[in-house]
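Here this note's numbering is used: the first residue of the sequence shown is 303, the next is one more, and so on. Where a beta carbon is used, it is the ideal one built from N, C-alpha and C, also for glycine. Only a predicted model underlies this, so the values are computations on that prediction, with no experimental measurement involved.
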Amino acid sequence: MAKLTGAHATVVIALAASLPLIAGCSAHSGQDARTKIPAASATLSSPSPVIDLTKTPPDISGSAKTLIRLANRTGSEEVAVIKTIRAGTVAVATECTGQGRTTIVIGKLATYTVPCTAAPSTTYNEIGLGSSKQDVTITVTASTGVHWGLSVGWRPGYQRPS
């Protein structure tokens, strides 16, 4: 007779313990077994280590007024037309994930392109306005497969870059 080692004993015990589970599943083949699975079984799947930042709008802390907050978008779109933006600072936060790029157009005030990669990233920009602007169209153009989020805020006052 062969000698049972510690590793072999562990395998035999694990297989023996799982037989009632397998038999129990096949015994209820005519019933919906999903309702009998305890909620704790959901812990078997491991969560993704990457947090998708585009699920919530980007943070624009420090802005006195939020003008736009969007999340979990794909493709290109005209986001909004802001009727009036007073003199001050416009803060723009863009988040994207996926291979490609995202181009943001803030009316005639600014246009910039953000490279996107598999890892989510956030880009912040500020635009100083010396006077009020009317009918500012915000447009986002994104590469296929890119997920993005956008927040635009405003606060009084601005400083010119030195």
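Item, Value
"Return the CA-CA distance between Leu431 and Leu369, expressed in angstroms with no decimal places.", "15 Å"
"Enumerated in chain order, which unbroken segments of the beta strand (DSSP E) with a length of 3 residues or greater are wholly contained in the region 425-461?", "435-444 and 449-457"
"Comparing C-alpha positions only, which one of Tyr460, Ile440, Pro417 and Thr441 sits nearest to Glu397?", "Pro417"
"Do Ala412 and Val394 have their C-beta atoms closer together than 9 Å?", "yes"
"Between Thr439 and Glu380, is the Cβ-Cβ spacing less than 9 Å?", "yes"
"Rounded to the nearest angstrom, what separates Thr441 and Ala421 at their Cα positions?", "23 Å"
"What did DSSP end up calling Ile387 once you bin it into helix, strand or coil?", "strand"
"From Ser423 to Tyr414, what does the alpha carbon distance come to, in whole angstroms?", "15 Å"
"Ignore the nearest five residues each way along the sequence and tell me which others in Thr282's own chain have a CB closer than 7 Å to its CB.", "Residue 282 is absent from the structure shown; the chain starts at 303 and stops at 464."
"Count the other CB atoms within 10 Å of the CB of Ser365; is the residue buried (16 or more) or exposed (fewer)?", "buried"
"In whole angstroms, give me the CA-to-CA distance for Ser445 and Thr419.", "11 Å"
"Do you know how far the Cα of Ala389 is from the Cα of Tyr426?", "19 Å"
"Ile362 lies in the beta strand (DSSP E); which residues open and close that run?", "Segment: none, Ile362 is in no beta strand (DSSP E) and carries neither H nor E."
"So what does DSSP say about Ser378, is it helix, strand or coil?", "coil"
"Compute the Euclidean distance between the alpha carbons of Arg457 and Ile406, then round it to the nearest angstrom.", "20 Å"
"In the DSSP assignment, what are the bridge partners of Thr413?", "Val407"
"Whose C-beta lies closer than 6 Å to the C-beta of Val454 among residues of the same chain, with five residues either side of it excluded?", "Leu369, Ile370 and Val394"
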